[in-house]
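Participant: Below is one structure. I have some questions about it.
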Amino acid sequence: MKLKAYAKINLALDVLSKREDGYHEIRTIMQTVDLYDIINIEKIEEDNIIVTTSSENIPTDNKNHAYIAASLLKERFGVKQGVRIHIEKNIPVSAGLAGGSTDAAAVLKGLNEIFELNLSEQQLMEIGREIGADVPFCLVGGTALCEGIGEKVIKLKSAPQMNILIAKPEVYVSTQAVYEALDLSKVKKRPNIEAMISAIEEGNVKEIAKNLCNVLEVVTVNQYPVINRVKDIMRNNNALGTVMTGSGPAVFGIFSNRYDALKAAERLKVFIKEIILTTTCEGSGF
Ligand SMILES: C[C@@](CO)(OP(=O)(O)O)[C@H](O)COP(=O)(O)OP(=O)(O)OC[C@H]1O[C@@H](n2ccc(N)nc2=O)[C@H](O)[C@@H]1O
Ligand SMILES: Nc1ncnc2c1ncn2[C@@H]1O[C@H](COP(=O)(O)OP(=O)(O)O)[C@@H](O)[C@H]1O
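In the working numbering, the protein residues as written are 71 to 356.
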């Protein structure tokens, strides 16, 4: 079985409070983009989980999110059959694009079919939440408002198709460290989530671009000013708006046409290796 595991961007991300368990209450608008890993799953004779990948940057042992997803399902439902999972990695790793979460979501969907478990979307989302806060959204895809720690997914009308240029500076960011370094009392600029939802409902690309905002950006920019350099270059090449996605360090810009986006990409190529021109899309659905 072959599955596409789509990346996400955060059009808006607000952090409301820190919880007792160390996680943060957030409100974020997540959006699927047409950039995906390809996940191949096949049954094997022995009762084992084998993960292989085209990437040198992710583990293949029990730390891989795809492995964790398969292992959770097998354990919980007493599945004795084994699987081989191959991940063709196209999504930049540790970028804020939910690469690991989307691979896990694809494996949950795939094994639900392969092992004939007949689990509902809701059941898969609850299992997904145990793997990572972004996994429930990745199961649904499209455009959604996500609340709680990100696991409460409220589907929205699909955002209009937009040209998205993603650039991932070659620096490492830990999601946990970014959340820990955020001082909520010092947050100056918060997203207007309601304005973003209205802009999406109206299909107004300029308003969507105007409302891009991520509370985590300041934290990562402090550590890696290169993020601001990327944003400046995108803006100087007519981006309608730019923002860091998730905990970063990837930045994306919304462009009214591919020509301007390609011009920005040309400038960014001088110091950034991972640059992707894509579009927003509806995702594979459940
Ligand atoms: C920041 C976001 C925005 O969409 O995306 P990424 O940058 O990871 O793509 C998410 O909130 C990340 O989701 P995800 O990467 O699935 O998080 P998890 O694996 O569950 O958590 C990693 C760590 O981040 C912190 N964490 C995560 C989510 C949240 N709402 N509050 C937190 O404080 C916790 O310290 C946790 O131990
Ligand atoms: N299948 C996977 N794809 C990507 N990263 C994975 C995977 N499994 C485990 N990881 C690890 O998860 C961490 C976060 O990676 P990723 O999910 O790409 O980033 P982000 O949470 O910023 O979106 C990295 O340390 C990476 O090695």
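All C-beta atoms, glycine included, are put in the ideal place defined by N, C-alpha and C.
Since the model is a prediction, treat every value here as computed from it, not as a measurement.
On a CA-only basis, which of 333, 189, 124, 94 is nearest residue 250? Give me that one, please.
Facilitator: The candidate whose alpha carbon is nearest that of residue 250 is 94.
Participant: With H, G and I counted as helix, E and B as strand and the rest as coil, what does DSSP make of residue 101?
Facilitator: Residue 101: strand per DSSP, three-state reduction.
Participant: For residue 98, I'd like the list of residues in its chain whose CB is within less than 6 angstroms of its CB, leaving aside the five on either flank, ordered along the chain.
Facilitator: Answer for residue 98: 80, 83, 216, listed in chain order.
Participant: Hey, out of 322, 310, 347, whose CA is closest to residue 332's CA?
Facilitator: The shortest Cα separation from residue 332 among 322, 310, 347 belongs to 347.
Participant: Residue 249 by DSSP, collapsed to three states: which one?
Facilitator: Residue state, collapsed to three classes: helix.
Participant: Which residues have their C-beta within less than 6 angstroms of a heavy atom of ligand 2, listed in chain order?
Facilitator: Qualifying residues, in the order they occur: 128, 129, 133, 134, 135, 136, 157, 163, 164, 165, 166, 167, 168, 169, 170, 171, 173, 245, 316, 317.
Participant: Kindly indicate which three-state DSSP category residue 222 falls into: helix, strand or coil?
Facilitator: Strand, per DSSP.
Participant: Measure the C-alpha to C-alpha separation of residue 290 and residue 186 and round it to an integer number of angstroms.
Facilitator: C-alpha separation (whole angstroms): 43 angstroms.
Participant: Apply the 10 Å Cβ neighbour rule to residue 76 and answer buried if 16 or more other Cβ atoms are within range, or exposed otherwise.
Facilitator: Buried is the call here.
Participant: Count the other C-beta atoms from every protein chain shown that fall within 10 angstroms of the C-beta of residue 221, then say buried if there are 16 or more, exposed otherwise.
Facilitator: Buried.
Participant: Given that a residue counts as buried once 16 or more other Cβ atoms are within 10 Å of its Cβ, and exposed if not, what is residue 329?
Facilitator: Exposed, since its Cβ has fewer than 16 Cβ neighbours within 10 Å.
Participant: Going by DSSP in three states, residue 286 sits in which element: helix, strand or coil?
Facilitator: Note: residue 286 maps to coil in three-state DSSP.
Participant: Kindly identify the DSSP beta-bridge partner or partners of residue 72.
Facilitator: In DSSP, residue 72 forms a bridge with 110.
Participant: Counting Cβ pairs, one atom from each stretch, are 3 or more of them under 8 angstroms apart for the segment 268-288 and the segment 200-212?
Facilitator: The segment 268-288 is not in contact with the segment 200-212.
Participant: With DSSP as the reference, label residue 130 as helix, strand or coil.
Facilitator: It is coil, neither helix nor strand.
Participant: Do the segment 332-342 and the segment 246-262 make contact, defined as three or more Cβ pairs closer than 8 angstroms?
Facilitator: No: the two stretches stay apart, fewer than three of their Cβ pairs being nearer than 8 angstroms.
Participant: Check whether the Cβ of residue 257 lies closer than 8 angstroms to any heavy atom of ligand 1, and answer yes or no.
Facilitator: Result no, Cβ not under 8 angstroms from ligand 1.
Participant: Run the proximity test for residue 211: is its beta-carbon closer than 8 angstroms to any non-hydrogen atom belonging to ligand 1?
Facilitator: No; taking the cut-off as 8 angstroms, the Cβ of residue 211 has no heavy atom of ligand 1 nearer than that.
Participant: What are the complete alpha helix (DSSP H) segments, minimum 4 residues, inside the segment 169-210?
Facilitator: Within the segment 169-210, the complete alpha helix (DSSP H) runs of at least 4 residues are 169-184, 191-201, 205-210.
Participant: Under 8 angstroms: does the beta carbon of residue 82 sit that close to some heavy atom of ligand 1?
Facilitator: Flag unset: Cβ of residue 82 not near ligand 1.
Participant: Under 8 angstroms from any heavy atom of ligand 1, does the C-beta of residue 204 make it?
Facilitator: Answer for residue 204: yes, Cβ within range of ligand 1.
Participant: Measuring only the C-alpha atoms, how far is residue 167 from residue 321?
Facilitator: Near 10 angstroms, if we compare the C-alpha coordinates of residue 321 and residue 167.
Participant: I need the straight-line Cα distance from residue 344 to residue 131, nearest angstrom please.
Facilitator: Approximately 25 angstroms between the Cα atoms of the pair.
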